[in-house]
Every structure is written in structure tokens, then in C-alpha cells.
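Undergrad: Take a look at the following structure, please.
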Amino acid sequence: MNNLLSYFNYAKSKKLARTDDFMKFMELKRIIKTNALTTFYQPIFDLFTNNIIGYEALNRPPMSKQFPTTENFYSYIGQTNQVFQLELLSRNLAIQKFHSEVKKHPHQKDHLLFINIHPNVLVDSKYRSGETLELLQKYQISPKQVVFELTERTAVTDFPMFERILSNYRSQGFRIAIDDAGSGFNSLKTLVHLKPEFIKLDRTLIDNIHCNASQQQLIHLLVEFALESSTTVLAEGIEKMEDLQFLKEKGVHLGQGYGLAMPSPQFQ
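In this text, residue positions in the sequence shown follow my numbering: the first is 1, and each later residue adds one.
What follows is the structure in C-alpha cells.
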């Protein structure tokens, strides 16, 4: 009954009445209700020492007729009224399974955990940072290890209000990363206003950067900005060794990508 009511409210707001959309919504609710997400961890490397310094948590749904790919699933989520519930589940699973992996790999107990989060969730009145702190305390994880990786940059419209919200999270020990930096004007505006501790360079900037002058120039500017603002630069989507070498030479601090290590349900 609750699933039907949720769907009717969502469909009414979107003026939907399609059977395929109904089936997708019901599959989404089933996934949330049964915690049917698999958490993968992609290592993040210090490019100077080649050591793993942390992991990005990636939650993937089971393959189904409604959602044949992870991209289909997350694209659909953004069109529904279930973003908050899904992100809450993803956060909880990421923290719980991080704790489980640390027990098997105690030498990695102080590693960072990057958790993707939609900006709208942080400003939602239903989202209480105290719940995250309680969960971290339960699993003996310091807030200083947790990096909120902000997705959907265009969702941030009231920068002064969002700065105040982030200030509250930072006072508790959490740190902030801006995803897809350099992918457009909005991402650059977000960097200036929110002053993140981590800048994640967009993968479209990284691919073939060793032979693309315009990409190299933008990376140079972002690295210079990071140095001046005491921000750590993280390049994602590294697949080619030539790109990796160029990034090291230009002073990019951290990196992740299939060329370094694939996401896995277990720590590496």
C-alpha cells in the first residue's frame, strides 16, 4: 500500500500513467526495501607513493529487465521522489560494509571513505547529520575519514545557504569533494563558493590528456587553483599509463580509475 501511495504521488506530480514507469518504480521500491544494492569500493591512490589512501563507495543495483545497467538505474532515480530514501540506504551500506572490510584489513582502518551524496539530501529537513555520526560511532569510524562527494552540481542554487550547511558538517569533522570539476561553468562556480577539501577532475578531462593541449591547460589552471587554496586534487577515470604519467608530472595528488584498480566488493 505504501509503495502504491508513493507511486501515485510521484506519478501525479510528473503526470505519468505508463505501465513501464510503474514497473520501474515498483522495482526501485523493492530494491530499497530489501537493501538489494551491492557496495563496490574503488581504490584511491596517492600518485606519488602509489599507496591506497582511501576508497570511493559505489552502490550498484541488481540487473533486471527494468534496470539493465547501473546508469539506467541512477538516471531513473533522479526523476523520482525517492532520491532521499535511496541515498540514505547507500550511505548506510557504504559505512557498514566499510567497517566489515576494515575488520579483514585492519591496516586500512584509517583510510578515507568517499560517499556520493546529492546536494539536495544535505539540505533536506529529513536528513540529520546526527544519524550519520551515530552510525560512524557504532562502527568506530571517525568523521574525519568521511568525504561527502557532491554530485549534481547544478542542484546548488543558494550558495550562501549551502556554505552554512557545509560549515556545520565540517565542524563535525566531515570533508567535502566536488565531483566532475572542470566539466562546465557551474562546476567552477561551485569550487569558488564551496571551497572543497578535494577537487575531483572530470574523467573527460583525463582521457588522452597526455596528447591534448586544451585539456592540459585546464588541468594546469585547476592544479594552480588547488595549490593556492590548499585543496587536494584527485583525477578520476585514469585508464592509460601515458595519462597517469602526465598527471604525476603536473602535480596531481590522487588518482583512481580502471587503469589503476577496478571497483571490487572487497578492499584491495
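Idealized CB from N, CA, C, for every residue including glycine. These figures come from a predicted structure and were not determined experimentally.
#1: Between the stretch 33-42 and the stretch 253-268, can you find at least three pairs of beta-carbon atoms closer than 8 Å?
#2: If you reduce the DSSP assignment to three classes, tell me which class residue 67 lands in.
#3: Spatial neighbours of residue 83 within its chain, please: CB distance less than 8 Å, with the 5 preceding and 5 following residues excluded, ordered by chain position.
#4: Can you name the start and end residues of the beta strand (DSSP E) that residue 45 belongs to?
#5: Could you name the residues of the same chain whose beta carbon sits closer than 6 Å to that of residue 132, not counting the 5 residues immediately before and after it, in chain order?
#6: Below 7 Å between beta carbons: does that hold for residue 207 and residue 180?
#7: Under 6 Å Cβ to Cβ from residue 54, same chain only, skipping five residues before and after it: list those, please.
#8: Since residue 204 is in the alpha helix (DSSP H), which residue starts that stretch and which ends it?
#9: Could you tell me whether the Cβ atoms of residue 174 and residue 146 are closer together than 7 Å?
#10: Determine whether the beta carbon atoms of residue 91 and residue 115 lie at a separation below 7 Å.
#11: Rounded to the nearest angstrom, what separates residue 168 and residue 211 at their Cα positions?
#12: Determine the DSSP secondary structure at residue 264, reduced to helix, strand or coil.
#13: Are at least three pairs of beta-carbons, each pair with one atom in the stretch 19-29 and one in the stretch 220-229, less than 8 Å apart?
#14: Should residue 80 go down as buried or exposed, given a rule of 16 or more other Cβ atoms within 10 Å for buried?
#15: Comparing C-alpha positions only, which one of 196, 195, 217 and 260 sits nearest to residue 205?
#16: Between residue 246 and residue 188, what straight-line distance do the alpha-carbon atoms span, to the nearest angstrom?
#17: Smallest Cα separation from residue 238: which of 96, 127, 159 and 257?
#18: Check whether the Cβ atoms of residue 191 and residue 176 lie closer than 7 Å to each other.
#19: Kindly list the residues whose CB is nearer than 8 Å to the CB of residue 244, restricted to its own chain and excluding five residues on each side of it in sequence; keep chain order.
#20: Would you check if the distance between the CB atom of residue 148 and the CB atom of residue 193 is smaller than 7 Å?
#21: The beta strand (DSSP E) with residue 179 in it runs from where to where?
TA: In short:
#1: yes
#2: coil
#3: 77, 118, 120 and 121
#4: 38-46
#5: none
#6: no
#7: 44, 111 and 112
#8: 203-206
#9: yes
#10: yes
#11: 42 Å
#12: strand
#13: no
#14: buried
#15: 217
#16: 22 Å
#17: 257
#18: no
#19: 47, 238, 255, 259 and 260
#20: no
#21: 175-181
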